[in-house]
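Visitor: First the structure, which I've put down as structure tokens, then a few questions once you've had a look.
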Amino acid sequence: MKSLFKNFAPAHFALALITLFLTVSTPRDVRADEPVKTIDITAKRFEFSPNQITLKKGETVKLRLTTADVTHGLFQRAFKIDELIEPGKTNEVTITPQTVGTFTTICDHFCGVNHGAMKMTFVVTE
Amino acid sequence: MKTTTDRRQFLTMLGTSLGIGVLYTAMPAAAATGAPTEFFNFLGEANGERPRPFSFVQLSDAHVGFNGPPDPLGTKAFERAVELINSLPQAPDLVLFTGDLTHDTEDKDVHAQRMKQFLEISKRMKVGKVKYVPGEHDAGLDGGALYREFMGESNYSFDHAGVHFIALDNVSRAKPEVGPEQLAWLKKDIARFPKTAPIVVFTHRPLFDLKPDWEWFTSDGDEVMNILAPYQNVTVLYGHIHREHDHTEGNIRHLASRSLIFAFPDPEQAQDKKPIAFDKEHPFRNLGGRLIKEDNGRASVSSIPMDEVQLSLREFHEINGVQQILKPLSY
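Note that the protein sequences, when read in sequence, are chains A and B. Numbered according to the working numbering, the first sequence terminates at residue 126, and the numbering increases by one at each position without gaps. Numbered according to the working numbering, the second sequence terminates at residue 331, and the numbering increases by one at each position without gaps.
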């Protein structure tokens with residue numbers, strides 16, 4: 001055992017400990033090889049499905065957006081989401097919410113007579 | 001040339017709420033006391049046209065074609081506004097209509113019929129000119145094609161009595177935005193004016209983040225404000241929110257008019273964007289409702305029951321003060 005450490009200076013121990021600490025103290029960090037959770041959201045007049053999604057603060061998720069009818073939008077200022085959802089296309093947006101709370105998210109692409117009521121909610125918990 | 005007059009006083013406006021619209025008198029002090037000649041001459045030389053007092057009306061959100069709930073009266077409020085305008089002792093020079101002239105439908109023929117009905121009522125107004133911008137219910141589904149067919153271009157500018165009016169379209173791209181082409185046009189349009197030029201922008205949606213969760217914003221409104229920021233006398237008039245609102249950022253004051261169909265609640269008080277319920281006993285109850293008094297530079301606000309008021313007079317003193325004189329229903 002001793003030979004294993006004979007060239008390992010105290011500074012190296014400190015660096016290793018700091019690295020280990022940082023790794024375990026940021027559990028929501030996403031490593032390049034770690035798969036990101038994907039959530040499908042479908043828009044159709046005048047609703048989103050699902051209409052409520054619960055996320056963990058700091059959790060990175062990919063939203064996969066499609067429409068079942070006409071062009072819609074998905075807008076939430078706090079998450080910097082401002083996406084078009086066009087027929088025949090799949091749009092992806094990745095978010096990492098940093099604030100706990102309830103966030104009403106709207107369709108901001110005028111889609112018809114009840115457009116003003118088309119919304120969904122993100123609930124972000126600790 | 002020096003002037004002792006505060007330039008910010010220039011575009012002071014007196015507004016008379018019609019219960020369902022707002023009558024503005026530009027430069028009321030000049031109208032009452034005679035134009036401050038030296039100052040107006042200065043502005044005339046600087047801006048190319050000497051201003052003169054005049055009045056104009058803002059109307060908004062008629063939603064012709066909408067039938068209740070919450071408002072089963074259809075075009076009644078719109079027609080009442082037209083009658084009120086025609087009964088004013090002095091006809092306003094112009095009327096600005098800030099969008100949602102009609103309610104949307106996917107049936108193009110029905111929508112065209114609603115446009116025709118809107119114009120039929122609008123043309124009853126005995127005023128010099130009526131200028132329009134579209135709302136999303138007019139132009140959101142077809143990129144503004146039908147609107148332009150009936151009303152002409154959706155963004156443009158014109159000069160009137162020394163004031164530069166700019167119509168901005170923040171609905172035809174379907175999203176709440178003005179768009180890069182129109183921003184470039186706006187920049188070019190006002191570049192020829194000196195920074196003292198009085199400017200009135202009229203548009204449908206608010207150009208600032210009033211309540212994004214209720215789609216009460218314009219995503220590139222900041223860019224519009226950046227273009228307008230160097231100008232000292234800018235007023236933005238808008239609709240969309242179906243209630244009055246008064247907001248100032250920098251040199252720019254934003255004023256919203258009520259709707260001609262139904263009212264939305266105060267977003268600070270209500271959780272959901274649902275129209276205020278129609279009260280058949282008091283059909284115009286939600287069309288007004290604040291008494292604001294200037295008191296040593298500080299505005300005080302108290303609520304008044306709206307069924308006691310039919311007309312109100314709102315006077316803006318310089319940029320900060322607001323005074324409202326109420327007239328009883330029997331007036």
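No residue lacks a Cβ here, since even glycine has one placed at the ideal position from N, Cα and C.
Please say whether K195/B and Y231/B have beta carbons closer to each other than 7 angstroms?
Guide: Yes, the pair counts as a contact, with Cβ atoms nearer than the cut-off.
Visitor: Any residues in the stretch 137-155 of chain B with a beta carbon nearer than 7 angstroms to a beta carbon of chain A? Which ones, in chain order?
Guide: Of all residues in the stretch 137-155 of chain B, G140, L141 have a Cβ within less than 7 angstroms of some Cβ in chain A.
Visitor: Between the C-alpha atoms of K119/A and L183/B, what's the straight-line distance to the nearest angstrom?
Guide: So the two alpha carbons sit approximately 29 angstroms from each other.
Visitor: I106/A touches chain B at which residues, Cβ-Cβ below 7 angstroms?
Guide: Near I106/A (Cβ distances below 7 angstroms), the residues of chain B are D213, E215.
Visitor: What separation, rounded to the nearest whole angstrom, lies between the Cα atoms of I106/A and D189/B?
Guide: C-alpha separation (whole angstroms): 33 angstroms.
Visitor: Please tell me whether R148/B and N170/B are closer than 7 angstroms, where the distance is taken between their beta carbons.
Guide: Result no, Cβ atoms of R148/B and N170/B do not sit closer than 7 angstroms.
Visitor: Give a yes or no on whether 7 angstroms exceeds the smallest Cβ distance from H109/A to chain B.
Guide: Cβ-Cβ to chain B under 7 angstroms: yes for H109/A.
Visitor: What are the boundary residues of the alpha helix (DSSP H) that includes A256/B?
Guide: Taken as a continuous stretch (DSSP letters only), A256/B belongs to no alpha helix (DSSP H), being part of the beta strand (DSSP E) at 252-256.
Visitor: Pairs of beta-carbons, one from the stretch 82-98 of chain A and one from the stretch 61-74 of chain A, closer than 8 angstroms: are there three or more?
Guide: Judged by Cβ distances under 8 angstroms, the stretch 82-98 of chain A makes contact with the stretch 61-74 of chain A, as three or more pairs qualify.
Visitor: Would you report the Cα separation of A78/A and D213/B, rounded to the nearest angstrom?
Guide: Whole-angstrom Cα-Cα distance: 10 angstroms.
Visitor: Going by beta carbon distance, what residues of the same chain come within less than 7 angstroms of T98/B, once the five residues before and after it are set aside?
Guide: So the qualifying residues of the chain are Q58, S60, V133, F202, T203, H204, L237, Y238, G239, S257.
Visitor: Among Q271/B, F208/B, L73/B, which has the Cα closest to the Cα of H245/B?
Guide: Cα-wise, what sits closest to H245/B is F208/B.
Visitor: Does DSSP put K126/B in a helix, a strand or coil?
Guide: Coil, per DSSP.
Visitor: Quick one: complete beta strand (DSSP E) runs, 3+ long, within the stretch 56-97 of chain A?
Guide: As far as the stretch 56-97 of chain A is concerned, its whole beta strand (DSSP E) runs of at least 3 residues are 61-67, 72-76, 81-85, 91-95.
Visitor: Check L237/B in the structure and name its three-state DSSP category.
Guide: Residue state, collapsed to three classes: strand.
Visitor: Does chain A have any CB closer than 7 angstroms to the CB of D104/B?
Guide: Yes, contact with chain A.
Visitor: Quick check on V113/A - is its C-beta less than 7 angstroms from some C-beta in chain B?
Guide: Interface residue, yes.
Visitor: Would a check of beta-carbon distances place A174/B closer than 7 angstroms to chain A?
Guide: For A174/B, the answer is yes, since a Cβ of chain A falls inside 7 angstroms of its Cβ.
Visitor: Where does F150/B sit, in a helix, a strand or coil, going by DSSP?
Guide: Correct three-state label for F150/B: helix.
Visitor: Any beta carbon from chain B within less than 7 angstroms of G73/A's own beta carbon?
Guide: Yes - at least one Cβ of chain B is within 7 angstroms of the one on G73/A.
Visitor: Would you mind telling me which residues of chain A sit closer than 9 angstroms to S257/B, beta carbon to beta carbon, in chain order?
Guide: What S257/B touches in chain A: nothing, since even the nearest Cβ is about 18 angstroms away.
Visitor: What is the rounded straight-line gap between the Cα of K89/A and the Cα of G48/B?
Guide: Each residue's alpha carbon lies about 52 angstroms from the other.
Visitor: Return yes when the Cβ of D220/B is within less than 7 angstroms of the Cβ of E249/B, no when it is not.
Guide: Contact: no.
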